[in-house]
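Colleague: Its first residue numbered 221, the sequence shown is counted upward by one per residue in the working numbering. Just so it is clear, CB atoms sit at the ideal spot from N, CA and C, and this is done for glycine as well.
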Amino acid sequence: MPTLLDKYRKEIVPAMKERFGHKNAHAVPHLHKILLTTGVGRPSDEKGKEKLQQALEDLALITGQKAVPTKAKKSVASFKVREGMVIGAMVTLRGPRMYEFLERLITVAIPRIRDFRGISAEAFDGHGNLSFGITEQSVFPEINPDRVKVQIGMHITLVTNARNNEEGRELLRLFGVPFAH
């Protein structure tokens with residue numbers, strides 16, 4: 221069992237029940253899934269295809285799960301993107317793998333970010349979900365910096381079933397997510 225899942229059950233649930241007055245442990249918000257997405261632009265040329273391949277490989281290394289290519293939903297002439305064109309990659313993590321990734325993110329990757337001052341508490345969406353970006357994939361220990369040809373940023377979304385931002389922020393704070401003060 222991942223240590224963060226154990227921490228959730230033994231420490232976070234009682235603390236959240238006390239703070240927000242939940243009567244039932246099942247009413248306490250929990251982490252539902254983690255989404256990692258990256259955009260690589262249009263992979264029509266050789267460099268774009270190489271960038272897409274690296275993004276797929278890096279996301280798979282970081283998460284331990286195969287990444288899925290994402291396609292454009294609309295054609296945008298000014299970006300030279302057509303509907304159905306592959307423009308990025310994504311991974312959805314759930315269950316024990318999600319908690320293991322969150323632990324690595326909090327304890328290893330985020331402290332390696334240069335000039336990091338904390339995640340903005342304003343990055344919530346109104347429903348307790350937190351979204352933030354990382355500018356380079358080399359902050360994860362699974363990525364060999366010597367092998368990286370192109371820096372690829374990623375967008376990370378922590379999806380909770382919290383009712384509002386306050387509950388979501390408290391849940392993630394108890395998990396150890398470093399927020400800016």
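Buried or exposed: residue 271, going by 16 or more other Cβ atoms within 10 Å of its Cβ?
Modeller: So residue 271 counts as buried.
Colleague: Quick check: what's the CA-CA separation for residue 389 versus residue 360?
Modeller: Between residue 389 and residue 360, the C-alpha separation is close to 24 Å.
Colleague: If you measure between the beta carbons of residue 312 and residue 348, is that distance less than 8 Å?
Modeller: Judged by their CB atoms, residue 312 and residue 348 are not nearer to each other than the 8 Å cut-off.
Colleague: On a CA-only basis, which of 399, 395, 400, 401 is nearest residue 224? Give me that one, please.
Modeller: The residue with the shortest Cα to Cα distance from residue 224 is 395.
Colleague: Pick from 334, 239, 383: whose alpha carbon is nearest that of residue 346?
Modeller: Comparing Cα positions, the closest option is 383.
Colleague: Assign residue 295 to one of three DSSP states: helix, strand, or coil.
Modeller: Correct three-state label for residue 295: coil.
Colleague: Taking the alpha-carbon positions, what's the residue 295 to residue 376 distance?
Modeller: 25 Å
Colleague: Any idea which residues DSSP pairs residue 374 with across the strands?
Modeller: 354
Colleague: Is the beta carbon of residue 283 sitting closer than 8 Å to the one on residue 310?
Modeller: no
Colleague: Let me know the secondary structure DSSP gives residue 316 once reduced to three states.
Modeller: helix
Colleague: Among 303, 372, 278, which residue has its Cα nearest to the Cα of residue 362?
Modeller: 278
Colleague: With DSSP collapsed to three states, give me the class of residue 246.
Modeller: helix
Colleague: What number of angstroms, rounded off, separates the C-alpha of residue 246 from the C-alpha of residue 316?
Modeller: 18 Å
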